[in-house]
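Just below is one structure, and these are the notes that go with it.
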Amino acid sequence: MHYDLIDLKVFLAVAEEGNVSRGAERCHLAPSSVSLRIKGLEENIGTALLKRQARGVTLTPAGHVLVEHARRCVAQLEQMHVDLLPFARGLTGHVTFFANNNAISSHLPDDLARFFTLYPSVRITLEERMSHDIVAAVAAGRADIGVVALETEHPELDFLPYREDRLVLLAPLGSPLGRQGVVSFADCMDEPFISLQSGAALHTFLMNHASALGKRLDIRVQVSGYRAIARLVSSGAGIGIVARSALEESDSEYLDIIALSEPWARRDLRVCVQRRPHETNFFRDKLIEILCSGTESHPSEA
Numbered sequence: 011m012h013y014d015l016i017d018l019k020v021f022l023a024v025a026e027e028g029n030v031s032r033g034a035e036r037c038h039l040a041p042s043s044v045s046l047r048i049k050g051l052e053e054n055i056g057t058a059l060l061k062r063q064a065r066g067v068t069l070t071p072a073g074h075v076l077v078e079h080a081r082r083c084v085a086q087l088e089q090m091h092v093d094l095l096p097f098a099r100g101l102t103g104h105v106t107f108f109a110n111n112n113a114i115s116s117h118l119p120d121d122l123a124r125f126f127t128l129y130p131s132v133r134i135t136l137e138e139r140m141s142h143d144i145v146a147a148v149a150a151g152r153a154d155i156g157v158v159a160l161e162t163e164h165p166e167l168d169f170l171p172y173r174e175d176r177l178v179l180l181a182p183l184g185s186p187l188g189r190q191g192v193v194s195f196a197d198c199m200d201e202p203f204i205s206l207q208s209g210a211a212l213h214t215f216l217m218n219h220a221s222a223l224g225k226r227l228d229i230r231v232q233v234s235g236y237r238a239i240a241r242l243v244s245s246g247a248g249i250g251i252v253a254r255s256a257l258e259e260s261d262s263e264y265l266d267i268i269a270l271s272e273p274w275a276r277r278d279l280r281v282c283v284q285r286r287p288h289e290t291n292f293f294r295d296k297l298i299e300i301l302c303s304g305t306e307s308h309p310s311e312a
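The sequence shown begins at 11 in our numbering and counts up one residue at a time.
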């Protein structure tokens with residue numbers, strides 16, 4: 011494929027403007043130059059991308075596909091420039107950090123704030139992943155640090171205590187489930203669930219446990235965060251399962267917060283790092299110190 015980033019940007023401009031001249035003006039190029047670039051792009055790809063009409067252009071089916079891919083490519087390159095910019099401005103360090111949704115939604119914001127107070131010029135790439143994926147990423151060196159809720163060992167990793175936590179069931183205030191005090195996951199299967207979106211670690215975790223029971227969760231609504239789950243449950247829309255640490259003190263006024271009897275409801279979080287890192291990283295080590303020092307100052311919230 012003999013085309014470049016400029017060809018993709020020109021094509022996107024024309025596609026979004028619906029007009030070659032306006033697309034050319036947006037790219038600060040002559041319309042004839044833009045037409046030649048798009049013609050060359052079509053020849054290289056082997057199919058027409060635009061339908062030329064009297065009042066402009068429209069996308070062919072292939073053009074629609076290329077627009078989506080081109081947008082992602084351009085966005086990824088722009089993000090690369092954004093990520094590199096701090097280095098040009100005197101960035102002193104970078105840490106890649108993978109964590110599960112529980113940690114990101116509850117404990118990590120305060121700990122990262124403590125870190126940035128000490129090291130404001132450091133940049134951290136924080137991504138949400140499933141615990142098994144985090145272990146594999148840290149072992150392979152794709153992440154410097156991980157926070158997992160997984161009772162496992164790995165010959166190349168150390169697992170350090172981070173926080174104690176539990177998954178709890180949320181139900182509307184005064185519900186029959188709330189009067190039981192402790193419930194099993196199986197007892198909840200007939201109720202509609204408010205869940206995190208597909209792909210979130212907790213969503214996958216609960217779907218797998220439901221499948222192990224030979225059942226399926228009745229997902230009524232999928233949302234992006236724990237707070238949305240709590241609000242929808244309090245409104246009577248369904249029940250939900252969240253980390254206890256993600257709840258606020260006032261939530262007990264609007265919700266029944268019920269213990270789950272399953273052993274897997276205990277979700278002790280641990281920091282995982284390479285036992286013998288291939289490279290030294292001062293800021294990775296300082297972040298680990300801050301994460302693990304918080305264990306004593308934040309007692310169990312289970």
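Ideal placement from N, C-alpha and C gives every residue a C-beta, glycine not left out.
Where residue i sits in the DSSP three-state scheme
i           : result
residue 2   : This structure leaves residue 2 out entirely; the chain is present only between 11 and 312.
residue 180 : strand
residue 273 : helix
residue 232 : strand
residue 189 : helix
residue 60  : strand
residue 33  : helix
residue 14  : coil
residue 39  : coil
residue 265 : strand
residue 73  : helix
Whole-angstrom distance between residue j and residue i, CA atom to CA atom
i           : j           : result
residue 236 : residue 174 : 18 Å
residue 298 : residue 281 : 8 Å
residue 270 : residue 133 : 38 Å
residue 80  : residue 14  : 11 Å
residue 172 : residue 126 : 19 Å
residue 157 : residue 120 : 15 Å
residue 285 : residue 141 : 18 Å
residue 312 : residue 82  : Low confidence applies here, because residue 312 scores a pLDDT of 35, under 50, leaving its location unreliable; read the following figure in that light. Rounded to whole angstroms, residue 312 to residue 82 spans 41 Å at the Cα level.
residue 122 : residue 92  : 20 Å
residue 163 : residue 302 : 18 Å
residue 283 : residue 63  : 59 Å
residue 190 : residue 197 : 11 Å
residue 49  : residue 57  : 10 Å
residue 295 : residue 261 : 36 Å
residue 221 : residue 114 : 26 Å
residue 129 : residue 300 : 12 Å
residue 226 : residue 194 : 15 Å
residue 44  : residue 36  : 11 Å
residue 223 : residue 169 : 30 Å
Member of the options whose CA lies at the smallest distance from the CA of residue i
i           : options            : result
residue 248 : 266, 262, 254, 255 : 266
residue 74  : 28, 34, 39         : 28
residue 263 : 272, 243, 206, 177 : 243
residue 66  : 89, 23, 50         : 23
residue 84  : 17, 56, 53, 54     : 17
residue 118 : 256, 189, 287      : 256
residue 259 : 33, 72, 240        : 240
residue 135 : 47, 293, 72, 303   : 293
residue 41  : 58, 21, 52, 285    : 21
residue 147 : 177, 166, 82       : 166
residue 38  : 19, 216, 53, 52    : 19
residue 208 : 71, 217, 201, 202  : 217
residue 112 : 272, 193, 261, 234 : 234
residue 202 : 190, 228, 130      : 228
residue 238 : 211, 226, 180, 164 : 180
residue 252 : 225, 210, 296, 196 : 210
residue 55  : 72, 44, 43         : 72
residue 192 : 254, 130, 221, 272 : 272
residue 116 : 254, 290, 300      : 254
For residue i, the residue or residues it bridges with in DSSP
i           : result
residue 168 : 283
residue 173 : 279
residue 106 : 135
residue 194 : Per DSSP, none; premise fails for residue 194.
residue 253 : 177
residue 155 : 107
residue 68  : 61
residue 204 : 231
Residue i vs residue j beta-carbon contact at 8 Å
i           : j           : result
residue 87  : residue 25  : no
residue 159 : residue 138 : no
residue 143 : residue 105 : no
residue 151 : residue 288 : yes
residue 178 : residue 204 : no
residue 268 : residue 184 : no
residue 59  : residue 52  : yes
residue 124 : residue 277 : no
residue 182 : residue 250 : no
residue 213 : residue 274 : no
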